[in-house]
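For reference, the structure is listed below as structure tokens.
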Amino acid sequence: MSFSIIGTGSGFPERVVTNDDLAQLLDTSDEWIRPRTGIRERRVATKETVLDLALAAARNALDSSGIGPEELDCILCATLRGDYFTPSLACLLQGALGADCPAFDINGACSGFLYALDVADCYFARGKAQKIMVVAAEMMSKLVDWKDRSTCVLFGDGAGAVVLGPGNDLLSIKVTAKGGAELLRAPNVHGNSPFDETEELPCVVYMNGQEVYKFAVSSMQRDVQEVVQQAGLTLEDVNYILPHQANIRIIDAAAHKLKMPRERILTNIDRHGNTSGAGIPALLDECARAGTFHRGDILVMSSFGSGLTTGACVLRWSGAGKEQKE
Ligand code: ACO
178 MSFSIIGTGS GFPERVVTND DLAQLLDTSD EWIRPRTGIR ERRVATKETV
228 LDLALAAARN ALDSSGIGPE ELDCILCATL RGDYFTPSLA CLLQGALGAD
278 CPAFDINGAC SGFLYALDVA DCYFARGKAQ KIMVVAAEMM SKLVDWKDRS
328 TCVLFGDGAG AVVLGPGNDL LSIKVTAKGG AELLRAPNVH GNSPFDETEE
378 LPCVVYMNGQ EVYKFAVSSM QRDVQEVVQQ AGLTLEDVNY ILPHQANIRI
428 IDAAAHKLKM PRERILTNID RHGNTSGAGI PALLDECARA GTFHRGDILV
478 MSSFGSGLTT GACVLRWSGA GKEQKE
């Protein structure tokens, strides 16, 4: 027994920041950003907390699933950082929802949502849960250096959520890690221990863009092929790929290598930028509500991120929520 997705949700800050808005703050332009990344605008938190975004996504997902928070057996939050080191974002969310179940965070960076689905799969396999909420929520605007034009233009804030129930819609899943901080990192706060002799590192995202690009394209191609094969399917059976919304050129290059028709690769990076692990579940929610999916469609999710981590899975869509095409 694995799981089925029975509800989806998403939540974003109100404030839209366009490339032209960024050009007022930095030496950059829409002409530079859009062709290299596919990003036109992103949402950036002004008054919202990470919990606000997670809560909005979670409530949407519960509403579309038709279940109440008291029915949840576990809450998993994929996040790089909630509002506090402790309590975890998942615990704060559990309290805010009025749920009564275990809750914990998972840090798999941009692959965090896939890591959380993998953990949820184990709960269902052991019969330890009937309903699990997985929320990925990120506030990248508090992690990037707003003076570094090579990174801050890429990211946005947001959250995506799914409610899972018992079922057999997860056909295969794979997560990987290749540990190291060389290519992509965001050091933690240094603290003020009078005994600490280690170097204080800037507490912002550093990325070697070109090396991450190469890793992303090759790992997406490898992971998608592997999970599709594990599911006993071929790429022709796949209706849609939901890739990590990092950069349209990465997505296009991976699609080209996989020989997947571009219309079967779903994106919303133009409106949201890279929201790290929140990107895939928020895109899933957008497409589910738009009626993109039909019952029985085969969906592939594929992500890569800091760690370096990757994750991919194959799901059969059996129709979360009310907006459903037969
Ligand atoms: N506006 C204007 N100019 C810029 C900007 C900007 N926002 N950012 C960089 N530049 C300049 C650089 O200063 C450099 O100028 P120089 O040649 O005078 O030194 C020039 O543009 C080229 O810079 P590169 O970093 O070499 O640009 P590149 O063509 O590699 O594109 C990019 C950068 C878009 C980040 C690319 O490397 C990329 O797509 N990387 C993939 C990484 C990625 O998208 N990661 C997503 C986040 S990771 C994750 O999700 C886990």
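According to my numbering, the sequence shown is numbered sequentially starting from 178.
Idealized CB from N, CA, C, for every residue including glycine.
Computed from a prediction, not measured in an experiment: that's the story for all the values here.
Short Cβ contact (9 Å threshold) for residue i with residue j
| i | j | result |
| --- | --- | --- |
| Ala-465 | Ala-338 | no |
| Cys-254 | Val-340 | no |
| Gly-184 | Ser-242 | yes |
| Gly-342 | Phe-180 | yes |
| Ala-354 | Gly-484 | yes |
| Asp-295 | Glu-247 | no |
| Leu-239 | Gly-188 | no |
| Ala-459 | Leu-331 | no |
| Ile-428 | Gly-259 | no |
beta-carbon residue i near the ligand ACO non-hydrogen atom, thresh 8 Å
| i | result |
| --- | --- |
| Arg-362 | no |
| Asn-365 | no |
| Tyr-417 | no |
| Asn-345 | no |
| Thr-214 | yes |
| Asp-334 | no |
| His-421 | yes |
| Thr-205 | yes |
| Arg-217 | no |
| Trp-209 | yes |
| Val-330 | yes |
| Met-384 | yes |
| Cys-287 | yes |
Separation of residue j from residue i, as counted between CA atoms
| i | j | result |
| --- | --- | --- |
| Lys-502 | Gly-473 | Low confidence applies here, because Lys-502 scores a pLDDT of 43, under 50, leaving its location unreliable and the question unanswered by this model. |
| Gly-357 | Ala-363 | 12 Å |
| Val-389 | Leu-360 | 7 Å |
| Asn-416 | Leu-347 | 15 Å |
| Asp-325 | Leu-202 | 11 Å |
| Lys-434 | Arg-219 | 28 Å |
| Cys-287 | Gly-482 | 5 Å |
| Gly-454 | Ser-370 | 32 Å |
| Glu-500 | Asp-197 | Low confidence applies here, because Glu-500 scores a pLDDT of 48, under 50, leaving its location unreliable and the question unanswered by this model. |
| Val-194 | Trp-209 | 16 Å |
| Ala-405 | Ile-283 | First, the residue type needs correcting, since residue 405 is Val and not Ala in the sequence shown. Whole-angstrom Cα-Cα distance: 25 Å. |
| Ala-497 | Met-310 | 13 Å |
| Gly-344 | Ile-182 | 8 Å |
| Arg-493 | Glu-377 | 47 Å |
| Asn-365 | Val-382 | 10 Å |
inquiry  = Across the stretch 488-496 and the stretch 288-307, are there enough close Cβ pairs to call them in contact, namely three or more that are closer than 8 Å?
reply    = yes
ask   = Is there contact here, the stretch 438-452 with the stretch 387-402, by at least three beta-carbon pairs under 8 Å?
value = no
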